[in-house]
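A short worksheet on the structure shown next.
There are 4 protein chains.
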Amino acid sequence: MNMVPVVAVNYKAYPTAFGEKGLAIAMSADKVAREYSGSVKVIIAVPATELSRIAEVVEDAIVYAEHVDPIEPGAHTGFIPMEALKALDVRGTLVNHSEHQLKLSEIDFIIRRATAMGIETMVCADTATAAAAVAALSPTWVAVEPPELIGTGIPVSRAKPEIIMNTVKLVHRVNPELPVLAGAGITRGEDVEAAIRLGAVGVLVASAVMKAPDPEARIRELVEAAYRATH
Amino acid sequence: MNMVPVVAVNYKAYPTAFGEKGLAIAMSADKVAREYSGSVKVIIAVPATELSRIAEVVEDAIVYAEHVDPIEPGAHTGFIPMEALKALDVRGTLVNHSEHQLKLSEIDFIIRRATAMGIETMVCADTATAAAAVAALSPTWVAVEPPELIGTGIPVSRAKPEIIMNTVKLVHRVNPELPVLAGAGITRGEDVEAAIRLGAVGVLVASAVMKAPDPEARIRELVEAAYRATH
Amino acid sequence: MNMVPVVAVNYKAYPTAFGEKGLAIAMSADKVAREYSGSVKVIIAVPATELSRIAEVVEDAIVYAEHVDPIEPGAHTGFIPMEALKALDVRGTLVNHSEHQLKLSEIDFIIRRATAMGIETMVCADTATAAAAVAALSPTWVAVEPPELIGTGIPVSRAKPEIIMNTVKLVHRVNPELPVLAGAGITRGEDVEAAIRLGAVGVLVASAVMKAPDPEARIRELVEAAYRATH
Amino acid sequence: MNMVPVVAVNYKAYPTAFGEKGLAIAMSADKVAREYSGSVKVIIAVPATELSRIAEVVEDAIVYAEHVDPIEPGAHTGFIPMEALKALDVRGTLVNHSEHQLKLSEIDFIIRRATAMGIETMVCADTATAAAAVAALSPTWVAVEPPELIGTGIPVSRAKPEIIMNTVKLVHRVNPELPVLAGAGITRGEDVEAAIRLGAVGVLVASAVMKAPDPEARIRELVEAAYRATH
Numbered sequence: 561m562n563m564v565p566v567v568a569v570n571y572k573a574y575p576t577a578f579g580e581k582g583l584a585i586a587m588s589a590d591k592v593a594r595e596y597s598g599s600v601k602v603i604i605a606v607p608a609t610e611l612s613r614i615a616e617v618v619e620d621a622i623v624y625a626e627h628v629d630p631i632e633p634g635a636h637t638g639f640i641p642m643e644a645l646k647a648l649d650v651r652g653t654l655v656n657h658s659e660h661q662l663k664l665s666e667i668d669f670i671i672r673r674a675t676a677m678g679i680e681t682m683v684c685a686d687t688a689t690a691a692a693a694v695a696a697l698s699p700t701w702v703a704v705e706p707p708e709l710i711g712t713g714i715p716v717s718r719a720k721p722e723i724i725m726n727t728v729k730l731v732h733r734v735n736p737e738l739p740v741l742a743g744a745g746i747t748r749g750e751d752v753e754a755a756i757r758l759g760a761v762g763v764l765v766a767s768a769v770m771k772a773p774d775p776e777a778r779i780r781e782l783v784e785a786a787y788r789a790t791h
Numbered sequence: 561m562n563m564v565p566v567v568a569v570n571y572k573a574y575p576t577a578f579g580e581k582g583l584a585i586a587m588s589a590d591k592v593a594r595e596y597s598g599s600v601k602v603i604i605a606v607p608a609t610e611l612s613r614i615a616e617v618v619e620d621a622i623v624y625a626e627h628v629d630p631i632e633p634g635a636h637t638g639f640i641p642m643e644a645l646k647a648l649d650v651r652g653t654l655v656n657h658s659e660h661q662l663k664l665s666e667i668d669f670i671i672r673r674a675t676a677m678g679i680e681t682m683v684c685a686d687t688a689t690a691a692a693a694v695a696a697l698s699p700t701w702v703a704v705e706p707p708e709l710i711g712t713g714i715p716v717s718r719a720k721p722e723i724i725m726n727t728v729k730l731v732h733r734v735n736p737e738l739p740v741l742a743g744a745g746i747t748r749g750e751d752v753e754a755a756i757r758l759g760a761v762g763v764l765v766a767s768a769v770m771k772a773p774d775p776e777a778r779i780r781e782l783v784e785a786a787y788r789a790t791h
Numbered sequence: 561m562n563m564v565p566v567v568a569v570n571y572k573a574y575p576t577a578f579g580e581k582g583l584a585i586a587m588s589a590d591k592v593a594r595e596y597s598g599s600v601k602v603i604i605a606v607p608a609t610e611l612s613r614i615a616e617v618v619e620d621a622i623v624y625a626e627h628v629d630p631i632e633p634g635a636h637t638g639f640i641p642m643e644a645l646k647a648l649d650v651r652g653t654l655v656n657h658s659e660h661q662l663k664l665s666e667i668d669f670i671i672r673r674a675t676a677m678g679i680e681t682m683v684c685a686d687t688a689t690a691a692a693a694v695a696a697l698s699p700t701w702v703a704v705e706p707p708e709l710i711g712t713g714i715p716v717s718r719a720k721p722e723i724i725m726n727t728v729k730l731v732h733r734v735n736p737e738l739p740v741l742a743g744a745g746i747t748r749g750e751d752v753e754a755a756i757r758l759g760a761v762g763v764l765v766a767s768a769v770m771k772a773p774d775p776e777a778r779i780r781e782l783v784e785a786a787y788r789a790t791h
Numbered sequence: 561m562n563m564v565p566v567v568a569v570n571y572k573a574y575p576t577a578f579g580e581k582g583l584a585i586a587m588s589a590d591k592v593a594r595e596y597s598g599s600v601k602v603i604i605a606v607p608a609t610e611l612s613r614i615a616e617v618v619e620d621a622i623v624y625a626e627h628v629d630p631i632e633p634g635a636h637t638g639f640i641p642m643e644a645l646k647a648l649d650v651r652g653t654l655v656n657h658s659e660h661q662l663k664l665s666e667i668d669f670i671i672r673r674a675t676a677m678g679i680e681t682m683v684c685a686d687t688a689t690a691a692a693a694v695a696a697l698s699p700t701w702v703a704v705e706p707p708e709l710i711g712t713g714i715p716v717s718r719a720k721p722e723i724i725m726n727t728v729k730l731v732h733r734v735n736p737e738l739p740v741l742a743g744a745g746i747t748r749g750e751d752v753e754a755a756i757r758l759g760a761v762g763v764l765v766a767s768a769v770m771k772a773p774d775p776e777a778r779i780r781e782l783v784e785a786a787y788r789a790t791h
């Protein structure tokens with residue numbers, strides 16, 4: 561796989577996701593992204609309320625939303641259309657995270673509309689077959705995350721390597737060009753290397769960074785491993 | 561296509577779906593199914609509350625549920641696990657109808673569990689790409705229904721024939737053996753013939769039968785057309 | 561409180577809720593209801609797929625649905641309107657069980673429509689304040705169930721007696737005539753007596769009966785206690 | 561009623577809600593709020609993605625979120641806990657808008673948690689009885705909006721004045737101090753005056769401002785009417 565590898569950090573709604581702490585992690589991610597510019601992509605998916613502050617200061621990391629709603633602009637109180645992301649120059653969005661699952665038709669709608677508007681979509685799936693289903697909808701990325709491992713610190717790449725391999729196989733049967741990320745329990749550099757060796761283009765992490773004593777060191781460890789695995 | 565063609569009737573929650581009227585339509589469907597036994601499959605999808613009475617008397621038509629919940633038996637008040645269908649010898653279930661859409665992971669779970677238990681799944685999709693996504697999950701059937709035509713009496717086979725053709729093409733690219741039904745606005749025999757000529761194995765109808773002055777005559781018209789289109 | 565006390569059994573989707581087992585428990589409930597006719601009401605809330613078989617044979621117990629959908633008859637695939645209950649002579653329904661929670665406007669709609677159609681509503685609430693909110697909507701009964709005790713076998717009447725008392729107080733401030741049931745962990749006759757002494761008109765149970773080695777003996781124990789507490 | 565009257569503007573997801581347009585409307589609301597400081601409260605409820613930019617510049621208008629999720633901080637991808645509002649010094653939030661309805665237990669949870677954190681809640685209800693139910697949960701405000709009039713420009717105060725009067729009556733029976741707002745179709749100053757004469761403390765508007773050729777003039781018209789009706 562000669563694509564640029566990816567480390568994506570999902571802020572979720574962890575206490576460190578908001579305010580000064582969330583901003584500091586964004587600055588750290590940006591710094592590491594600058595160091596590995598052109599070699600590893602660093603994506604941060606941040607809460608809707610933090611998007612504008614973070615998008616304004618981050619230059620080398622790529623800012624995503626954690627979610628976007630399957631709507632067009634209009635009378636939809638408390639929902640976020642893709643235009644809201646466009647207004648902030650946000651590059652993309654997570655879709656269908658295991659903690660925020662969507663109906664099939666909503667995923668279809670979001671991918672179709674985002675693609676038309678130039679917004680990237682990283683669509684999550686719980687299983688290899690669900691990831692293959694997502695592949696038929698042609699998102700930018702698909703990320704497979706066995707929900708039972710999310711937040712455990714037990715890396716999918718070690719506990720269930722066959723899920724990554726099987727996902728890559730089934731996804732590429734439907735959509736040969738679609739890059740696959742692996743997530744759930746990914747914590748250390750070695751987990752990133754393992755995931756990439758199993759066929760993933762990168763990883764999706766959350767608690768590994770958001771709960772780290774030193775988030776910048778942790779991001780650097782993950783990004784450095786992604787670099788090493790591909791060079 | 562040398563599969564036996566299918567006419568599937570979705571009772572929905574129309575006033576005629578319940579009590580004596582619902583039972584009479586089931587008897588009519590059963591009678592027509594008997595006449596075309598071996599040549600055309602007649603499926604009726606009926607409300608959960610009518611399943612036991614209808615399943616008890618119907619012999620040649622195939623009885624489906626309109627929905628099943630993505631759960632295992634247990635503490636789930638007011639939800640219907642697949643075991644509830646098994647207890648009534650119900651053969652299969654609609655899944656993800658446009659009026660009762662499910663999350664991708666729920667569709668994945670239901671198909672996986674139903675297949676393991678020998679229950680058929682007819683999974684609906686709004687678009688050709690969503691149908692291709694469903695195909696990756698290997699249901700028994702996939703039914704494409706553009707929601708804007710449902711209940712209109714404007715048949716998808718005439719208003720949007722390209723959706724049927726495109727669905728068949730995209731679905732078979734993912735899963736070459738998966739039979740595709742077409743639905744939305746299908747009302748007369750000619751609509752059934754058109755759908756089958758476009759590559760569908762049959763049709764999914766609702767108001768055409770449930771609101772017909774003579775439901776039996778309407779079922780016979782649709783089934784007869786399915787027979788004609790394949791012989 | 562000189563109302564007739566109530567023991568309500570929620571079948572949920574336990575393995576014993578379906579087929580012959582579910583029917584046998586209904587017959588047991590009916591038998592006990594006959595023994596205490598006029599002195600204690602026995603309500604059984606059963607799965608939608610079992611309603612017709614059970615409603616047909618039960619005479620003295622009162623049959624409820626576990627859920628009804630907030631819809632009018634029409635194009636609503638896989639949803640159950642109140643008319644479906646009417647068609648089976650079902651007397652009432654649970655609403656908003658902790659495992660099947662509804663939007664406020666849906667509860668409002670269901671109570672309004674059920675009342676107009678002569679269908680009883682037993683509306684569940686998680687907290688005393690939520691029960692008071694329900695009281696403003698004038699259901700037939702309100703049942704308070706702290707979700708953290710549901711299915712534990714630790715009776716609310718012993719673990720959190722203040723919730724029952726507080727619910728009765730807040731509910732009666734809004735709606736002085738509304739009978740309050742208590743649920744969650746209620747298992748033995750003494751729990752029923754305690755709940756009634758705390759101001760409840762009766763109890764809502766599930767696993768205590770559905771998982772009992774001898775469901776009939778368990779129902780009789782609960783009903784006998786309700787009788788004793790009020791005579 | 562000698563409370564300070566309120567004009568609340570819900571941005572929804574209208575095209576004017578985002579970016580420079582949304583900011584300009586906030587500045588206009590702030591300007592009018594300054595002119596009527598101490599006499600009329602001006603609240604603006606804005607999209608999550610715009611909260612930080614708007615909260616930073618607005619001084620006299622009161623900034624609310626359009627929605628907050630019923631969660632505590634943690635692993636909840638794409639959801640917004642109350643802490644996210646606190647981090648931006650946002651004063652309050654709409655809850656349960658007709659376009660974003662919540663389960664009863666979620667409304668209960670949100671009001672309880674917001675109150676504990678010093679965040680105001682303006683909880684919407686579709687009917688007078690639902691508003692009375694909300695009153696039992698003790699929010700900061702309750703807003704009644706018959707959904708069939710929302711966005712029509714036909715003011716509830718003229719089309720259904722009895723809904724406002726009835727809501728005020730039922731709400732105050734449960735919670736005598738709770739201020740009631742009226743919404744749906746409110747467009748002109750005379751609608752505000754009518755609503756206040758009917759017992760409301762103010763109005764909740766959206767399209768009247770968000771689609772106005774001159775939003776500032778429209779806000780001033782509404783606020784001026786609220787002032788007139790109470791002085």
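Residue numbers (our numbering), protein chains in the order written: chain A, 561 to 791; chain B, 561 to 791; chain C, 561 to 791; chain D, 561 to 791. C-beta: ideal position from N, C-alpha, C; glycine also.
Within the same chain, Cβ atoms closer than 7 angstroms to the Cβ of I640 (chain C) are found at A608, V628 and D629, the five residues on either side in sequence being excluded. Judged by DSSP secondary structure, V655 (chain D) falls within the beta strand (DSSP E) whose first and last residues are G652 to V655. With a cutoff of 8 angstroms on beta-carbon distance, Y624 (chain B) and M770 (chain B) are scored as not near each other. With respect to V566 (chain A), L738 (chain A) sits apart: the two C-beta atoms are not nearer than 8 angstroms. Beta-carbon to beta-carbon, G759 (chain A) and V728 (chain A) are separated by about 4 angstroms, close enough to satisfy the 8 angstroms threshold. Between R613 (chain D) and chain A, the shortest Cβ-Cβ separation is below 8 angstroms. Closest option to S717 (chain A), judged by alpha-carbon separation, among A:V765, A:V655 and A:K581: A:V765.
Here E626 (chain D) has N570, Y571, K572, A605, V606, P607, A608, T653, L654, H657 and H660 as same chain residues with Cβ atoms under 8 angstroms from its own Cβ, once five neighbours each way along the sequence are excluded. With its beta carbon at least 8 angstroms from every one in chain D, P721 (chain A) lies outside the interface. For I603 (chain C), the beta-bridge partners assigned by DSSP are C:A568 and C:I622. DSSP places A693 (chain C) in the uninterrupted alpha helix (DSSP H) bounded by A688 to A695. Put simply, of B:H791, B:P775, B:V702 and B:A692 the residue whose alpha carbon is nearest the alpha carbon of R733 (chain A) is B:A692.
At a beta-carbon threshold of 7 angstroms, none of the residues of chain D lie near L654 (chain C); the nearest stands roughly 14 angstroms away. The beta carbon of I640 (chain B) falls within 8 angstroms of a beta carbon belonging to chain C, placing the residue at that interface. The DSSP-derived three-state label of T681 (chain D) is strand.
Taking the Cβ atoms as the reference, L730 (chain D) lies roughly 7 angstroms from T689 (chain D), within the contact range of under 8 angstroms.
In the structure shown, A789 (chain A) adopts helical secondary structure according to DSSP, grouped into three states. Burial is judged here by how many other beta carbons sit within 10 angstroms of a residue's own beta carbon; V617 (chain A) has fewer than 16 and is exposed. Take D751 (chain D), set aside five residues on each side of it, and the residues of its chain with a beta-carbon closer than 6 angstroms to its own are P715 and S717, in chain order. Counting along the chain, the unbroken beta strand (DSSP E) around A703 (chain D) starts and ends at W701 to V704. Within the stretch 625-650 of chain B, E626, H627, I631, P633, G634, A635, H636, T637, G638, F639, I640, P641, E643, A644, A647 and L648 place their CB atoms closer than 7 angstroms to a CB of chain C, listed in sequence order.
Spatial neighbours of A568 (chain D) in its own chain (CB-CB distance under 6 angstroms, excluding positions within 5 residues in sequence) are listed in chain order as I603 and L764. DSSP places A644 (chain A) in the uninterrupted alpha helix (DSSP H) bounded by M642 to K646. K591 (chain B) is positioned such that its CB atom lies closer than 8 angstroms to that of E776 (chain B). With at least 16 other beta carbons inside 10 angstroms of its own, S612 (chain A) counts as buried.
H660 (chain C) belongs to the set of residues whose beta carbon lies under 8 angstroms from a beta carbon in chain B. From the beta-carbon of A690 (chain D), the residues of chain C found nearer than 7 angstroms are L664, S665 and D668.
Note on E643 (chain D): 16 or more other CB atoms within 10 angstroms of its CB, so buried under the neighbour-count rule. Between I679 (chain B) and L645 (chain B), the C-beta spacing is below 8 angstroms. Close partners of T747 (chain B) in chain C (Cβ separation under 8 angstroms) are lacking, with about 15 angstroms as the shortest Cβ gap. Residues of chain A with a Cβ closer than 7 angstroms to the Cβ of V734 (chain B) are, in chain order, A696 and V734. Residue-level contact check: K771 (chain B) does not touch chain C, since none of the beta carbons of chain C fall below 8 angstroms from its beta carbon. Within the same chain, and ignoring the five residues on either side of A754 (chain C) in sequence, the residues whose Cβ sits closer than 8 angstroms to its Cβ are P715, S717, R718 and P721.
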